[in-house]
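A.B. asks: If you read the sequence shown in my numbering, its first letter stands for residue 157, the second for the next number, and so on.
C-beta atoms are modelled at their ideal positions from N, C-alpha and C, and glycine is treated no differently.
Note that the coordinates shown come from a computational prediction; the quantities given were computed from them, not determined experimentally.
Below is one structure. I have some questions about it.
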Amino acid sequence: MSTLNQTYKELAIPYFKESFDCIDEVMQELQIPYYLIGVSAIALELLKEGIKPSRGTKDIDFAVMISSINEYDKISDSLSIRGFKKVAAPWTFYSEQFKVAIDLLPFGEIEENYTVNFNERYTDLHVLGFSEVLEESVQVVIEEKIANIPPLPGMVILKLIAWSDRPEERENDLSDILKIIQHYYQLKWDEIVEIHYDTLDKDPFDQLLIAAEVLGRNSRLYLQKSEAISTRVLKVLENNLEDASKSAIARDWARKLDKEIEYAFALLGAFQKGITHEVQRQGM
Numbered sequence: 157m158s159t160l161n162q163t164y165k166e167l168a169i170p171y172f173k174e175s176f177d178c179i180d181e182v183m184q185e186l187q188i189p190y191y192l193i194g195v196s197a198i199a200l201e202l203l204k205e206g207i208k209p210s211r212g213t214k215d216i217d218f219a220v221m222i223s224s225i226n227e228y229d230k231i232s233d234s235l236s237i238r239g240f241k242k243v244a245a246p247w248t249f250y251s252e253q254f255k256v257a258i259d260l261l262p263f264g265e266i267e268e269n270y271t272v273n274f275n276e277r278y279t280d281l282h283v284l285g286f287s288e289v290l291e292e293s294v295q296v297v298i299e300e301k302i303a304n305i306p307p308l309p310g311m312v313i314l315k316l317i318a319w320s321d322r323p324e325e326r327e328n329d330l331s332d333i334l335k336i337i338q339h340y341y342q343l344k345w346d347e348i349v350e351i352h353y354d355t356l357d358k359d360p361f362d363q364l365l366i367a368a369e370v371l372g373r374n375s376r377l378y379l380q381k382s383e384a385i386s387t388r389v390l391k392v393l394e395n396n397l398e399d400a401s402k403s404a405i406a407r408d409w410a411r412k413l414d415k416e417i418e419y420a421f422a423l424l425g426a427f428q429k430g431i432t433h434e435v436q437r438q439g440m
């Protein structure tokens, strides 16, 4: 278990404590496993290393492991009693008191072909990767609570998949992946020196390119767990590495880094190189 001595205030997410306490109470009461995911989970991981969150959000995302829509309805009823009401999307709950939206994304036995069907408005929620990533979750203590969160490489996989499902609505996913890359060299310096030292032999030396490649290597685990994940992620990378000028990911990262698109394209290429590293070695 990782420990975190920071406070909720340092997480810089308005009413996170109140929302987290509410979710924890409901899930403990119903004995349902749950996980903190999304930008809040990334912020917690970075806080462990003293890196303060830079992107504030009023949205807090959780994944809940359930076997039926009936279990989800019980969660919904319990949250409603506590002031969190369902809104437009059937997996989103909003507190008028705290002005906070919570997404509760179900996965587990309820899935069928990596999809959860909500009868309301015939809405489907795609949850490819949740089971594989969250079985590798780590526990982080923040004040008196324990948060189960996915490792950063797992979060990158979930965000790549989520972005590929709805790229027009999920620009923040690309921002979050880039943020992880920007801090990954510092976070994994000891591991880089001990295990991935071959990535240091670059001319010119570039920390971001090294970080992207090592992050790719550490993300490879999830591709090995599931052919469906592997197919989706590799296809997303392939599509965005055909032509720099047409790469949605490279264009987004170039704008946010204030760099030439060729550099952002190389950054994505380094991630792909890392995530396919083992395959390349076996083919030699």
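Return the Cβ separation of L379 and V389 in integer angstroms, given the expectation that the two are a contact with Cβ distance under 8 Å.
C.D. replies: In the sequence shown, counting from the first residue as 1, residue 379 sits at position 223. In the sequence shown, counting from the first residue as 1, residue 389 sits at position 233. The pair is a contact, with the Cβ atoms about 6 Å apart (cut-off 8 Å).
A.B. asks: V297 lies in the beta strand (DSSP E); which residues open and close that run?
C.D. replies: Here residue 297 refers to the residue found at position 141 of the sequence shown. Looking at the DSSP string, the run of the beta strand (DSSP E) that includes V297 is 294–298.
A.B. asks: Measuring CA to CA, which of Y191, P189, S196 is closest to Y171?
C.D. replies: Locating residue 171 in the sequence shown gives position 15, counting from the first residue. The shortest Cα separation from Y171 among Y191, P189, S196 belongs to S196.
A.B. asks: How is F240 classed by DSSP in three states: helix, strand or coil?
C.D. replies: As a first step, residue 240 must be located in the sequence shown, where it is residue number 84. F240: strand per DSSP, three-state reduction.
A.B. asks: Tell me which same chain residues have a C-beta within less than 7 Å of the C-beta of P307, skipping the five on either side of it?
C.D. replies: Residue 307 sits at position 151 when you count from the first residue of the sequence shown. Only E292, V294 meet the Cβ criterion.
A.B. asks: Going along the chain, which residues of its own chain have a beta-carbon closer than 6 Å to the beta-carbon of P262, five neighbours each way excluded?
C.D. replies: Counted from its first residue, the sequence shown places residue 262 at position 106. Counting only Cβ-Cβ distances below 6 Å, and skipping sequence neighbours, we find V220, I222, Y228, V272.
A.B. asks: So V296 and L314 are in contact, right, with Cβ under 8 Å, and what is the actual spacing, rounded?
C.D. replies: To locate residue 296, count along the sequence shown from 1; it is residue 140. To locate residue 314, count along the sequence shown from 1; it is residue 158. That pair is no contact at about 17 Å.
A.B. asks: Do you know offhand how far E369's Cα is from I302's?
C.D. replies: Stepping through the sequence shown from its first residue, residue 369 is reached at position 213. Stepping through the sequence shown from its first residue, residue 302 is reached at position 146. Computed Cα separation, rounded: 31 Å.
A.B. asks: Are the CB atoms of L316 and I333 nearer to each other than 8 Å?
C.D. replies: To locate residue 316, count along the sequence shown from 1; it is residue 160. To locate residue 333, count along the sequence shown from 1; it is residue 177. Yes, the pair counts as a contact, with Cβ atoms nearer than the cut-off.
A.B. asks: Exposed or buried, which one is Y448 when buried takes at least 16 other CB atoms within 10 Å?
C.D. replies: For the chain, the structure presents residues 157 to 440; residue 448 sits outside this window and is missing.
A.B. asks: Going by C-alpha distance, which of G310, I366, S251 is nearest E174?
C.D. replies: Position 18 of the sequence shown, counted from the first residue, corresponds to residue 174. It is S251 whose Cα lies nearest to the Cα of E174.
A.B. asks: Classify P189: buried if its beta carbon has 16 or more other beta carbons within 10 angstroms, exposed otherwise.
C.D. replies: For the purposes of this step, residue 189 is identified with residue 33 of the sequence shown, where counting begins at 1. Classification for P189: exposed.
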